[in-house]
Amino acid sequence: MAAPSAPSFALSVEVMHRLDDEAIHTLGFPRLLLMAQAGCAVADALTQLHPEPCECVVCCGMGYNGGDGLCAAWHLIRRGYRPRIVLAGLRRDLKEEPAVFARVVEAFQIPWREVVSGDDLAEVQGWLRSCGVILDALFGIGLNGSVRPLPARLIAMINEAGRPVVAVDVPSGLDGDTGVPLDVAVRAAVTVTFGAPKRGLLTAQGSSCAGRLVVDALGMPDWLIRRYMP
0 MAAPSAPSFA LSVEVMHRLD DEAIHTLGFP RLLLMAQAGC AVADALTQLH
50 PEPCECVVCC GMGYNGGDGL CAAWHLIRRG YRPRIVLAGL RRDLKEEPAV
100 FARVVEAFQI PWREVVSGDD LAEVQGWLRS CGVILDALFG IGLNGSVRPL
150 PARLIAMINE AGRPVVAVDV PSGLDGDTGV PLDVAVRAAV TVTFGAPKRG
200 LLTAQGSSCA GRLVVDALGM PDWLIRRYMP
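Be aware that the sequence shown starts at 0, since it is given in numbering that gives the first Met the number 0, and climbs by one per residue.
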């Protein structure tokens, strides 16, 4: 189980990408395996934050961050939670590895909402306001530039719902290097970040969005992470 950490160092987004690339392409860690570990760590953090099984809303993007969220949803189902999936796009457009966990979650016949227009947000708003906890897996450290209008509205709705939020890797909308929101950013109670802390999470503004920080190495060897320490 992931444990809270008081990190003494942090990595830039660019360095974290290089660490991931070495783990996957040189050491042979399958991306699906890392995603599975990430999903388990996120589910652990959510169950620590809200130990009583409840309805939860899992907001997923179309990339690997969303895949972490879908995997976490699977773990939460197995623990008695009742997740509802909000996908910022169409299931058919998911990347290969996230699509694997989408199929796994679909087998449990839980509610889904694909958000492709503003009309799709009305039902989502009701879900967010009535749930016990929200999981933010919209954007990870790969977000560049401003947040598009539709995801920005979803982020605002997450913040307005007044429910505790667990963020995956970085709160969606937060610049992983500077800790400055890119227009709008999720305000989380807990952020589960992977490999090593990102610089932006340790700034004053970034830490106020991240909440309590949990670091999970995803099963990667310590020597690999130490190699990239500044």
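By construction, the Cβ of each residue, glycine as well, lies at the ideal position given by its N, Cα and C atoms.
Around the beta carbon of V132, 16 or more other beta carbons sit within 10 angstroms, so the residue counts as buried. Within the same chain, Cβ atoms closer than 8 Å to the Cβ of M156 are found at L120, V123, Q124, L127, the five residues on either side in sequence being excluded.
In this structure, the CA atom of P229 is about 43 Å from the CA atom of G117. Between the beta-carbon of L223 and that of T190 there is about 22 Å, and that puts the pair past the 8 Å contact cut.
Residue range 189-193 is occupied by the beta strand (DSSP E) that includes T192.
Taking all protein chains shown into account, P29 has fewer than 16 neighbouring C-beta atoms within 10 Å of its C-beta and is therefore exposed.
Under the criterion of beta carbons closer than 8 Å, C59 and A87 qualify as touching, at roughly 7 Å.
For the region 104-159, the full-length beta strand (DSSP E) segments reaching 3 residues or more read 111-113, 132-136 along the chain.
Segment contact: the region 51-68 against the region 30-37, three or more CB-CB distances shorter than 8 Å; contact assigned. Bridge partners of E54 according to DSSP: R81.
Apart from sequence neighbours up to five positions away, the residues of its chain that approach D182 with a beta-carbon distance below 8 Å are S145, V146, A151, G172, ordered along the chain.
For the region 5-72, the full-length alpha helix (DSSP H) segments reaching 4 residues or more read 12-20, 30-48 along the chain. The distance from the Cβ of N143 to that of R186 is about 21 Å, inconsistent with a contact at the 8 Å cut-off.
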